[in-house]
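Inspection log for the structure reproduced underneath, given as structure tokens.
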Amino acid sequence: MHLLAQTTAEPLPVPPIDWRAIAPELALAGTGVVLLLVVAFWPGARRSLLAGLTLAGLAVAAGLTAWNWDLARVAFEGAVSLDGITRYARVVLLAVGVLATLMAAQESGRPAPPGEVDREDAPPEVFPLLLFALTGMAMLAAASDLLVVFIALEILSLSLYVMAGATRRAAAQEAAMKYFLLGAFSSAFLLYGIALCYGATGTTNLLGIARASVDPTGDGTLLLAGIGLLAVGFLFKVAAVPFHMWTPDVYQGAPTPVTAFMAAGTKAAGFAVFLRVFAGALGGLVVSWRPVIAAVAVVTMLLGAALAVVQSDLKRMLAYSSIAHAGYLLVGLAAAATVPAGISASLFYLLAYAFMVMGAFMVVQYATRLGPPDSPDTKERSSLDDYRGFARRHPWAGGLLAVFMLALTGIPPLSGFWAKYYVFVAGIDAGLTWLVVVAVVSSVISAFFYLRVLVVAYLQDPADAAEPVAGRATALGIALGLAGLVTVAIGLAPEVLITAARTAERILG
Amino acid sequence: MVAAAFAIAVAALFELLGKDADARTQILRGYAWFTSGDLRVAFDLRWDQLSAVMALVVTGVSSLIHLYSIGYMADDERRETFFAWLNLFVAAMLVLVLAENFLVMFLGWEGVGLCSYLLIGYWFDRRMLVVNPLGRLVPGEPDGTYEVWAPPAAKKAFLANRVGDVGFLVAMFLIFATVGSLDFEDVFGRAAGFTGTTATAVALLLFLACAGKSAQIPLFVWLPDAMAGPTPVSALIHAATMVTAGVFLVARTHVLFEASATAQTVVVLVGALTALLAALIAIGQDDLKKILAYSTVSQLGYMFIGVGLGPIGYVPGMFHLITHAFFKAQLFLGAGSVMHGNDDDTDVKHFGGLRPSMPATFLTTVAAWAAIIGVPLTAGFYSKDQILGAAFDHGGIGMFAWVVGVFTAGLTAFYMSRLLFLTFTGQRRWPDGRHPHESPGVMTLPLAVLGLLALVAGFLLSTFTGEGGRLQDFLGPVLGTPDEYPSLASALWLSAVATGVAALGAGVAWLLYGQGGTDWLALRVRFAPAWRTLAERLYIDQVYEFFTVTLGRALAAFLAVTVDQRVLDGAVNGAAELVGTAARSGRRLQSGLVRSYALGVLGGAVLILAFLVFRS
Amino acid sequence: MRVGPGAYLLLSALLFGIGVAGVLIRRNAIVVFMCVELMLNAVNLSFIAFAKVNGALDGQVLAFFVMVVAAAEVVVGLGILVAIFRKRSSTSVDDINLLKG
Amino acid sequence: MLLTATVFAPLAGAVVLAAVPAARADLARWAALLASLVTLGLAVVLAFRFRTGEAGFQLGVAADWVPAFGVRYRVGVDGASLLLVLLTCVLTPLAIAGSWRTTQRARTYLAVLLVLETAMLGVFVSLDLLLFYVFWEAVLVPAYFLIGSFGGQRRVYAAVKFFVYTLAGGLLMLVGIIGVFYLQQRATGTPSFDYEVFRDLSKAPTTQRWLFAAFFAAFAVKTPLWPLHTWLPDAYTEAPTTTTVLLAGVMSKLGVYGFLRFAVPLFPDAAHWFQPALLTLAVVSILYCALVATVQRDFKTLVAYSSVSHLGFIVLGVFALNIQGLQGAVFYMVAHGLLIGGLFLVTGMLEERRGTRRIDQFGGLQRSVPRMAGVMLVLTLGAVALPGLVGFVGEFLTLLGAFLANRAFAVLGALGVILGAVYLLWAYQRMWQGPLEREENRAIGDLTGREWAILAPLVAAIVVLGLFPRPVLDRVQPAAERVVQQTAEAANR
Amino acid sequence: MTHLLATTAAERAELITFVLLAPLSVVAALGMVLSRNAVYSALLLVVNFFCLAGFYLLLEAQFVAVVEVIVYAGAIMVLFLFVLMLLGIGNEDVLRETIRGQRPAAAVLTLLLLAAVGAALLAGVFDAEPASLAAANADGNVQAVGRLLFTRYVFAFEAAGILLVVAAVGALILGKRRP
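Chains as they are written, first to last, in our numbering: chain A, 2 to 510; chain B, 171 to 786; chain C, 491 to 591; chain D, 6 to 498; chain E, 67 to 245.
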């Protein structure tokens, strides 16, 4: 920068940097750098210290988010937009970050096989990576320029590729590779979409695109093609059918904390940007893209639910379930361009979903700790058979599992119910009643597999007589309690979060 | 208790008699049972001549039968239950008789049905003799077997009654829909509202109920089976009182029946056919009580002929109801006495020559026998002849009824005489080791009273004046009076014919069974096809069973297995299966190969792009 | 006769298509990744052609950023591929299918 | 407040129960019984405070719950719901007392039972549609665990089927609820799920039909109406018998109550339009399930089918859409609760003694356990609607109502009266009458004091309400009249 | 096409260059995809990148053209080759396809994709008159691009910094042999 400045004849009119607007992201990235340094120069640093630092960073970011609560502006010449979506997504992402940190902080507590390092525990670098990923996610949610969207997406993707493959298990590496290859493939499509949009409108700025989209040069086909390719990229990230196929493999293969983080965080960031781009900038073209989103929603809801039914691995089942949930969110998105409630419903859904799904994965992690150390390489303790009689042996974890499963099913009065309800309201309001009916069918199919987990955990007798006693699970316990508490609390008193989501209904740029 | 009720009834009767004929109807207001919209059902009681007569018969006969039961049931370990139910029956019967409202009457109606069910099934686990009517006909056939047959019989009775009760129910609905009330007062007062089809429907539905309760075609099959109950029950419920409730209902609601000539014709026709059919079947039975049961069915048929004829026949019908209560109660109690003295055997083939051992039973039974076959001056003679006379005078369908009735009178005389002779006269056919003995006084006293009533009741309640008689005078204000009474001369002439036919029947019976000389068992074998048909009750029960039990169960099984499990549940499970199958094939796409996944991404992209680009 | 931007754009689409096809039919993970790089470069050509159409340099800046991103992606991607294939004799993506169903 | 206390008292009891040490099953039992009795006591006070003769909702409270959605916590009772609340509160202690001998995880079982009670009570008192829906779905969870966790051999299949089936219906109703909400919001601008607001909202007939269909899905499954009944025999048969008491006695009323409280008053035009269809389904339910019941080998399954058949009468009454039908339907709900509850309780007692429910395993029990037989007889006769017992008043009024509405359906329905007697008396004959042939049936003991304490109130209620139904009918009258008036207006339009 | 006769020398030069480079780039790309040997593929890709750099020059994007050559063809492709060497170069049999229907499906779908994109391009900007970048490049292409980078795209620029950090850390973690 300085080098360049010296060579130019006149000083660059560098615009004032709006530090405040991106303060939370800066805090996250800054903490990430600090942690990198700590890890680099103090290899023996205890996990709890790293986790504590991460949490401190998250706390700072949370404070800054609160400080910025009433900020509503477009910053960096339209690159970043500070509005309700940004704000709400930050809340969701910070919550996801806290839970994921706690999960990652939990050590397996098992003795390593002789002569080997434990394959389970992720290296200490996951903490900075987690923060960088969060930074990317937050930037993605705030991005108001397709270029920033692309870069933010890459930040979070690259972090996640690495996190997924950070342990030595073959399954984790396979997950990382598949995620990476397909992710790169799909981001090429996204990029092509950005190029076509740029070509059609002359800008990558969302405000500019919004202006150009209602007054297109030519017949607008080019822009539509661009939209289509953008949709491909986003749909891939949020795991919608038929761009979902990586999801089960990656969710199953990646270490459970990473899976949980991916499931909740990527979905939140992905849908935030999806909402901003489609319901915001491209709202004028809703007639064109709504059938696409609706059709994808239909197949996503049905296929996700149906495929989950036949799974025998809990993580994999949750992956398919997350696909089905992406479908419900797509209903909210389809509604969002004409019905503002679609935006708030989707955001509220993301928040509720984050706690439910991460909670479910926490139970998996909890159970994994209990497994014998010589468990097969590709499998964690996530086969449904491993959960036989789980609830009887671990009443608290079992009870929470029930809470999460019922919340995911959408049984009132748990958070999942209100989320689903709100999305349905938005869908019906937008005249998409048929889509809501499909969502109902999908929910019914979903009930099968969520119930199956409960059947196994509650209604079947434990398989083996005794399980090895694992170490304490303080961090995980806190995370579990938090997720369960919030899931129930949102169910009983969703008011505040709904009202907050409502303020996000106006999209700035 | 029942005797006290009888006493009260008698007192009330005298109070009634003390009033003017037209003011004799009293209505006693009770509390409202339930109300709903316009419907108001109260426990109001109606005390008029008709209910008084019925109440007297019911309480009187049941007093006697209670007395009898003390002796008959002395050895039963659950006799408290027995008497409790018997009393419940009397109460229900009184509710039925005294009701001022269709629904309250229905309460009694079903109440007596319940008691009938309970009492028939009283010996729910006792093995009782099932007399085989084919015994001594087909070589090797036993005379009878010992089986537990009370529970199915009770159930059959209840179900047959239920069919009738549905008629009652629907009739009530129709009445309420038409006049907006179920009180007798309102309904009869607004009977003009019943015209055409509605009138016929109401009357026929009510008659369906009567057919159930009073064992008429097509619902008569339960009554013979009901003989599984203790004999006093058979006497009280299945001869004297409950089964006559149908006749009473027709009389009580005669206004409704008068509104439909069709219904009246049906009543007469059914009554006549039932009388004939039952009499025929009675000939072929060997079971003492079943003969009497079919006889009851047959006599009830007479009563329906009477009440179906209109004003001319109401009183004769009721008259026959009363006399029949006496003589049939006696016959049953007599049969009970015979059973009591013969180790509970009911097979007439096993009796013969019982007269010396059971003189009191024999004498009183002869009295009742005389009444039922219509020996002149006995009760049955008066009442039956009044019905036949009314039928003859009525003309039309009545004439048909008269012909059938007279013929049936002959059959009645035949089978009743057969019963009497086979039981009390001729050779002793009872097995070795049995010591027939007379019953105790507590049992013979009611026999004597009823026997006496069977002889004199007709004479007391009637005079051969051609003016109807005392009962007609008493009941006339309630049931109406005919325009003209049959003349004395024609009545005498008609009686003569009937008596002659009856005498013929009795004479044939005497020839066959009375002297003890004829080998009637040989005759039975000789005319085997005819006998078998009669013995098998004209195969009616088998046909019924085929249509209800066999076909019904097949249908139910079809529904339960094929429709419910395969089709309906199959559809549900099939939907689940469909999801599973689709998912399993979808799972195959999830091959684990990156390149397949990439193909999926590309496919989706192409679809979306093609839609967006080529649609616009 | 002149070369209009359309020609560049169609060429770019063609190269993108070739890249896509390569991803689909090649089994060597590294070649697959190279095909992805080809796709990115094809897009870059589009960006620059569009910059010419629009008469503004934004497209060129975008292309520059794409290169940065591509570089980062390559670093991580090759890291992953090395990590997974270091112990194997084959680098075929078809051999990596423990997770499926 | 009193009403709220009544609804949540069992839940509080369940929480207390969770604090009882798992090993102290005796303590858990007493605590559960006490909780249910306290609830009953509260309900009785409620009944006394209730002013008969008023049509509106009484004793209610209302508070904001989720104002953003317009969801309020609004509860209240009218005659119909009061009676069902009482029924629930009466049956639960009996069910708890009936499961006294349950030793396997008794504490959990009883706690879940109490949760179920709260959920069911909530359904009956909710006057906010979303609150109603919340309770409606909340019923599923405890019921699922009761069936699936404590049931018989095929319990898991039965529980899942029950859950999924009911959830499917419920979600469609949710779509319907949102639909009404949407209409309401468009009409008034303020979000609300208030029952009375919805009721007084004018809705186009075509819209009504769609919405009615959505509500129908939930109610028809829960009731259940033919052909959506196939979950029921499995669920009732597999559930532990004391659970079945509550499922059949109370939960089956939820569906009919839904018709009565929501589907009909909210969509009177549609109710009128669908009347023939509903009557047809009701009649088919009556006859079909009665026929199917006749060939069942398991007594519990038989009673389960009989329950569906009887509920057909109730639906017949509701969709008669006249005063007799509606009053009869509510009365029949109470009657059916008492009767079917009693039947299942006795079944449970038999099963406890003999370890089987197969009809052919019994016979002649009247000899060995005469008192039990007597109770069973009363219950059977009540179930076949003998006049003088509680079943008759309901059956008569529903059929009368149906007759006034449509004669053919009533006549066909009346045939069910015969079939009902067929299967119940046949079963009675086979199990209780006849010779005592099996040795194991000889040794079983008659009713114990505890069992008397359970059954005596039921039998007393069955007789007393049969002869004196007025207290019940009078309380229902104003509410029923209001519904009738509304549908009549719709019919005249 | 309307300017067929009125072509300037510069335009003719562009045409000739394009006609030469375009087929070459396509052939190189196809060769990369079809070559059995991964090293050949990498080298052909480099060829392709050079062609692209040529196009960039034609399109007045000198800075990007240079970066393309230095960063892409130079650094990135060298990295690829390095990894290929590291993992060992085996000849893979690309002729036999193991996934049934993969190739026809890939061919059909790719053609459809090209058809759709092509149609959109033809409908959109094919005939668009190219604007001149002369004004924008007045101070020189590098300067202009740089100015944009540090003004309008400054946030993206900073974000790219984070991206590179992530990439570095990621490579570190993936490559590190833990004890």
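All C-beta atoms in this analysis are idealised placements derived from N, C-alpha and C, irrespective of residue type, glycine included.
Given a cut-off of 8 angstroms, decide if residue j and residue i are closer than it, judged by their beta-carbon atoms.
i: A775 of chain B; j: L514 of chain C; result: no
i: A90 of chain A; j: A62 of chain A; result: no
i: T414 of chain B; j: S384 of chain B; result: yes
i: A239 of chain A; j: V300 of chain A; result: Reading off the sequence shown, one finds Val at residue 239 of chain A, where the question assumed Ala. No, the Cβ-Cβ distance between V239 of chain A and V300 of chain A is not below 8 angstroms.
i: I570 of chain C; j: F181 of chain A; result: yes
i: Y388 of chain A; j: V454 of chain A; result: yes
i: A60 of chain D; j: R487 of chain D; result: yes
i: A668 of chain B; j: A571 of chain B; result: no
i: A327 of chain B; j: A381 of chain B; result: no
Along chain D, which residues have their Cβ under 8 angstroms away from the Cβ of residue i?
i: F425 of chain A; result: L179, V180 and I183
Does residue i pass the burial test, meaning 16 or more other C-beta atoms within 10 Å, or should it be called exposed?
i: N512 of chain B; result: buried
i: Q491 of chain D; result: buried
i: T751 of chain B; result: exposed
i: T635 of chain B; result: Any reading at T635 of chain B is ruled out, since the residue's pLDDT is 49, under 50, leaving its predicted position unreliable.
i: D378 of chain A; result: Unreliable placement is indicated for D378 of chain A, whose pLDDT of 43 sits below 50; the coordinate value is still reported in the next sentence. Under this definition D378 of chain A is an exposed residue.
i: Q597 of chain B; result: exposed
i: P321 of chain B; result: buried
Residue i touches chain C at which residues, Cβ-Cβ below 7 angstroms?
i: R166 of chain E; result: By Cβ distance, chain C contributes nothing, its closest Cβ being about 13 angstroms from R166 of chain E, past 7 angstroms.
Check the Cβ of residue i against every Cβ in chain E and list those closer than 8 angstroms, keeping chain order.
i: S766 of chain B; result: I165 and Q168
Below 8 angstroms on C-beta distance, what does residue i contact in chain B?
i: L179 of chain E; result: L772, A775, V776 and L779
i: G210 of chain E; result: Just to set this straight, residue 210 of chain E is Ala in the shown sequence, not Gly. Chain B residues near A210 of chain E: none, gap ~34 angstroms exceeds 8 angstroms.
Show which residues of chain E have a CB atom less than 7 angstroms away from the CB atom of residue i.
i: V81 of chain A; result: F221
Under 7 angstroms: does the beta carbon of residue i sit that close to some heavy atom of the ligand MN?
i: A741 of chain B; result: Questions concerning the ligand MN fall outside what the structure shown contains, since it holds no ligand whatsoever.
Report the neighbours of residue i on chain C: residues whose CB is nearer than 8 angstroms to its CB, in chain order.
i: G184 of chain E; result: L500 and A503
i: T205 of chain A; result: D548 and L552
So which residues of chain A does residue i contact, with C-beta pairs closer than 7 angstroms?
i: L187 of chain E; result: L223
**Report entry** Residues of the region 156–175 of chain D with Cβ closer than 8 angstroms to any Cβ of chain A, in chain order
**Finding:** R160, V161, A164, V165, F168, V169, L172 and A173
Query raised in the report: Taking Cβ-Cβ distances below 8 angstroms as the criterion, which residues of the region 212–239 of chain E are in contact with chain A?
Result: If the cut-off is 8 angstroms between Cβ atoms, the region 212–239 of chain E has G212, R213, F216, T217, R218, Y219, V220, F221, A222, A225, A226, I228, L229, V231, V232, A233, V235, G236, L238 and I239 near chain A.
Report task. Kindly provide the ranges of any beta strand (DSSP E) runs that are 3 or more residues long and lie completely inside the region 610–649 of chain B, ordered along the chain. Result -> none
Query raised in the report: Name the residues in the region 731–763 of chain B whose C-beta lies less than 7 angstroms from a C-beta of chain E; which are they?
Result: L763
Query raised in the report: Between the region 403–427 of chain D and chain B, which residues of the former have CB atoms less than 7 angstroms from a CB of the latter, in chain order?
Result: L404, L405, F408, L409, A415, V416, A419, L420, V422, I423, A426 and V427
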